[in-house]
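J.:
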Amino acid sequence: MTKLSAKQYEEAKSFMMGEARAIDKYMFLYEFEKGDPEDVIKELAKYQNADGGFGWGLEPDLRCKESSVLASTVALQYLSKLETESKNELIKPCFTYLTDTYNETYKGWAIIPKEAVQSPRAIWWEYTAASPAWGNPNAEVLGCFYEYPELVDSQFKEKLTDESIQYLLEESKLSDMHELLCYVRLYERLPAELQAIIKPRLDRYVDNVVIKNPKDRHGYCAVPLQVADSPASVYYQHFADVLPADLAQLIDSQTDAGSWEPNWSWGRYEEEWVEAKKEWEGYLTLGNLRILKAYQAIETNI
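Sequential numbering from 15 applies to the sequence shown in the numbering used here.
1) On the three-pair Cβ rule with 8 Å, is the region 54 to 61 touching the region 274 to 284?
2) Give me the Cβ distance between Ser28 and Gly272, rounded to the nearest whole Å; I'm assuming they're in contact under 8 Å.
3) Pairing CB atoms from the region 248 to 264 with CB atoms from the region 282 to 294, are three or more of them under 8 Å?
4) Leaving out five residues on either side along the sequence, give the residues of the same chain with a beta carbon under 7 Å from the beta carbon of Lys226.
5) Kindly give me the distance between the Cβ atoms of Asn152 and Ser178, rounded to whole angstroms, as I take these residues to be in contact under 8 Å.
6) Can you find the residues in the same chain that come closer than 7 Å, C-beta to C-beta, to Gln209, ignoring five residues on each side of it along the sequence?
7) Does the Cβ of Asp230 have 16 or more other Cβ atoms within 10 Å, making it buried, or fewer, making it exposed?
8) Apart from the five residues on each side of it in sequence, which residues of its chain come closer than 7 Å, Cβ to Cβ, to Thr269?
9) Near Ser133, what residues of its chain come up, given a Cβ to Cβ distance below 7 Å and the 5 sequence neighbours on each side ignored?
10) Are the region 147 to 167 and the region 192 to 200 touching by the rule of at least three beta carbon pairs closer than 8 Å?
11) Across which residues does DSSP place Ser82 in a beta bridge pair?
12) If you run the structure through DSSP and keep just helix, strand and coil, what is Ile312?
13) Less than 8 Å between the C-beta atoms of Tyr219 and Leu188, yes or no?
14) Pick out the complete alpha helix (DSSP H) segments inside the region 130 to 167, 4 residues or longer, and give them in chain order.
15) Quick check on DSSP: helix, strand or coil for Gln268?
16) Can you list, in chain order, the residues of its chain whose CB lies under 8 Å from that of Glu73, leaving out five sequence neighbours each side?
17) Starting from the Cα of Glu140, find the closest Cα among Gly66, Ala124, Ala206 and give me that residue.
18) In angstroms with no decimal places, state the Cα-to-Cα distance between Trp70 and Arg282.
19) Is Thr16 closer than 8 Å to Ile305 when the C-beta atoms are compared?
20) Measure the C-alpha to C-alpha separation of Ile137 and Trp280 and round it to an integer number of angstroms.
21) One question on the structure: do Glu25 and Lys95 come within less than 8 Å of each other, judged by their Cβ atoms?
22) Going by DSSP, what residues sit across from Leu18 in a beta bridge?
23) Which residues bound the alpha helix (DSSP H) around Ala210?
24) Looking at C-alpha atoms only, which residue of Val131, Ile37, Lys106, Ala206 is the closest neighbour of Asp167?
25) What are the residues that DSSP puts in a beta bridge with Gln62?
26) Going by alpha carbons, who is nearest to Glu161 out of Tyr249, Met41, Leu93?
27) Which residue comes first and which comes last in the alpha helix (DSSP H) that contains Asn102?
28) In this structure, how does DSSP classify Gly49 when only helix, strand and coil are distinguished?
29) Could you work out which residue in Asp221, Val223, Tyr116, Arg135 is closest to Lys173 when comparing CA atoms only?
30) Exposed or buried, Thr299, counting other C-beta atoms within 10 Å across all chains shown (16 or more means buried)?
31) Which residue or residues does DSSP assign as beta-bridge partners of Gly122?
32) Kindly give me the distance between the Cβ atoms of Ala236 and Val248, rounded to whole angstroms, as I take these residues to be in contact under 8 Å.
33) So, is Glu103 buried or exposed, given that buried needs 16 or more other C-beta atoms within 10 angstroms?
Written out as structure tokens, the structure reads:
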């Protein structure tokens with residue numbers, strides 16, 4: 015197996031320490047250098063608003079300070095990786111925000127708020143009360159509720175469970191990569207009896223959306239490492255034959271600066287995009303190092 019060399023890892027580390035935003039630097043230190051999880055908590059708290067939701071550009075493509083379900087699910091992704099009880103101090107108010115902003119009419123959440131249109135953002139982020147790909151963000155929010163069941167009303171969780179399963183089985187077009195990733199995250203947190211119900215449909219979704227053959231991948235698309243980001247992933251065996259080459263390609267795509275860059279751009283707000291692009295570099299570099307570590311594809315003792 016091709017591995018990230020010790021030199022390449024040090025270059026990535028140097029980038030994370032010197033160029034990444036603080037939240038990703040502290041997360042890197044926690045995951046790779048035995049850093050303090052409380053540093054991550056303190057930094058993440060800066061993105062949380064009084065209503066409990068997260069904003070302030072935590073998701074780099076959306077720069078608004080107002081709370082959004084998008085930024086809140088990103089925050090919960092960070093928190094999921096921390097082993098410290100103090101994270102509940104951020105999760106509890108975030109769950110209150112999510113409960114308060116649930117829309118009964120649309121049986122879910124608007125992924126960004128109306129106020130977002132007043133701030134710089136990627137061209138694909140426009141307000142709509144109900145996403146055509148309902149599972150993004152609703153399925154991911156439900157997954158968070160299953161991860162911390164003691165922090166959410168059980169009846170609300172069961173109601174959303176019924177809605178999420180019914181939508182996937184009967185309504186989803188099985189064509190949106192972000193909705194797929196939300197359902198994969200949900201699947202990982204569901205009890206076995208519910209996993210069994212949705213697995214056949216989820217398998218079909220994966221085959222529809224994830225592009226297995228590298229020759230067929232063009233620009234921004236779903237790739238196997240997104241649904242099989244570790245050997246423990248449910249879809250590891252499904253893509254086992256292509257993962258070694260994909261890991262080698264991932265290593266080869268590291269820049270001379272030690273980072274990994276986004277393969278997209280906003281198409282507007284060019285000055286703000288420069289800053290957002292740099293933030294994405296830190297976020298993506300951390301994520302790719304995490305994948306390589308999970309596959310034991312780094313030549314260091316981390």
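For each residue, glycine too, the CB sits at the ideal point set by N, CA and C.
T.: Judging by the given coordinates:
1) no
2) 6 Å
3) no
4) Pro238, Phe253, Val256
5) At roughly 6 Å, the Cβ-Cβ gap stays under 8 Å, so Asn152 and Ser178 are in contact.
6) Tyr201
7) By the neighbour-count rule (16 or more Cβ atoms within 10 Å), Asp230 is not buried but exposed.
8) Taken in chain order, the residues that qualify are Glu275.
9) Arg77, Cys78
10) yes
11) Phe68
12) strand
13) yes
14) Fully enclosed alpha helix (DSSP H) runs of 4 or longer: 149 to 161.
15) coil
16) Ser82, Leu84, Ala85, Val88
17) Checked all of Gly66, Ala124, Ala206; the closest Cα to Glu140 is Ala124.
18) 19 Å
19) no
20) 6 Å
21) no
22) Ile312
23) 206 to 223
24) Measuring from the Cα of Asp167, the nearest candidate turns out to be Lys106.
25) Phe68
26) Ranked by Cα distance from Glu161, the first of Tyr249, Met41, Leu93 is Leu93.
27) That run of the alpha helix (DSSP H) goes 102 to 115.
28) coil
29) Here the closest residue by C-alpha is Tyr116.
30) buried
31) Asn117
32) In fact, because the Cβ distance is near 15 Å, the residues do not count as touching under 8 Å.
33) exposed
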